[in-house]
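Per my numbering, numbering through the sequence shown is continuous, rising by one, with the last residue being 634. Virtual Cβ for every residue (Gly too), placed ideally from N, Cα, C. Take a look at the structure set out below.
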Amino acid sequence: MSYRLLLLLLVMSPLIGCGPSDPYPIPAKLPTEPLVEKKDGQEYEFPPTVDFDGATWIRVKEDPTDNVPAKAYVYASNDRDDYLFYMLYKPNELKSHGFPIEKQLMLAKLDPKTKKLFLDGPTELSLGGGMLLKAQFANQQKVGQEELYYADGNLLFRGHTIKDRLHGECTYFYKDGKPLIQGKFSGGHLLKASGFDPDGTETEFANKTDLMQFLAERLNK
């Protein structure tokens, strides 16, 4: 689907050159207060610490990102050798699954040969309406299972990606767990898909546009 391509913008920011062996050392004086930054008339607040992927991350410094509509800070942990990127997005600028992206947490590792950071590990995106999207990066590409949750914690979407593209079976769900859309993809290309009304009436889709329109209408977006 076309909305899958939006993450191509996100993965560009951590690919930066690094001089020292530790490009983001934890400061001697640890931050204790939230930090408020401004960009394009918007305010973005970054907490002093973040709990993610079983570790506590400490705010280190701003990421020099200028190719996405977001403000970003890098966080480091005493217990880890990777880094956490904390990104806050300009309202309604980018979307995933039809919902605006508000915040993203993603892990990056340092390549000892190139001295560049690459995305590797889990990522979470907070979307409008309280939605939460969980995915996984490996060596700079989104791979494996992807899940999107309603604000109440119920599963909205489950699918798989290979090299940033949907691949295999994917399903959208109503809040009661019944299937909303079932589809099959190959390398990002839609092979077949059907939508289901709450009463079970099935509608086959001719293309991705029909699929996304059906989804938007059923989710009242």
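Check, Outcome
"For Phe618, three-class secondary structure by DSSP", "coil"
"Pro461 versus Gln455 - alpha carbon distance", "20 Å"
"Rounded separation between Tyr488 and Lys474 - CA only", "7 Å"
"Residues near Gln595 in its chain [Cβ-Cβ closer than 7 Å; skip 5 each side]", "Thr584, Ala606 and Ser607"
"Distance between Leu497 and Leu561 (C-alpha atoms, nearest Å)", "21 Å"
"Cross-strand partners of Pro535 (DSSP beta bridge)", "Gln549"
"Of the listed residues Asn633, Tyr499, Thr469 and Lys452, nearest to Pro482 (C-alpha basis)", "Lys452"
"Gln554 versus Leu520 - alpha carbon distance", "12 Å"
"Reference Pro525; option with closest CA among Asp495, His602, Gly572 and Ala619", "Asp495"
"Alpha-carbon spacing of Ala548 relative to Pro440, whole angstroms", "30 Å"
"Bridge partners - Tyr562, DSSP secondary structure assignment", "Leu545 and Leu568"
"Beta-carbon contacts of Gly541 that lie in its chain and below 7 Å, excluding the five residues immediately before and after", "Phe512, Pro513 and Glu515"
"Pick from Phe465, Ser490 and Thr622 that is closest to Gln517, judged by C-alpha positions", "Phe465"
"CB contact check: Asp453 to chain C, cutoff 8 Å", "Protein chain content of the structure displayed is limited to a single chain, and chain C is not contained in it."
"Exposure of Gly430, with buried meaning 16 or more beta-carbon neighbours within 10 Å", "With a pLDDT of only 39 at Gly430, under 50, the local geometry of the prediction cannot be trusted, and the value read off the model is given with reservation. So Gly430 ends up on the exposed side."
"C-alpha gap between Tyr363 and Leu568, whole angstroms", "Residue 363 lies beyond the residue range present for the chain, which begins at 414 and ends at 634; the question has no answer from this structure."
"Residues bridged to Tyr587 [DSSP beta-bridge criterion]", "Per DSSP, none; premise fails for Tyr587."
"Where the beta strand (DSSP E) through His602 begins and ends", "His602 to Phe609"
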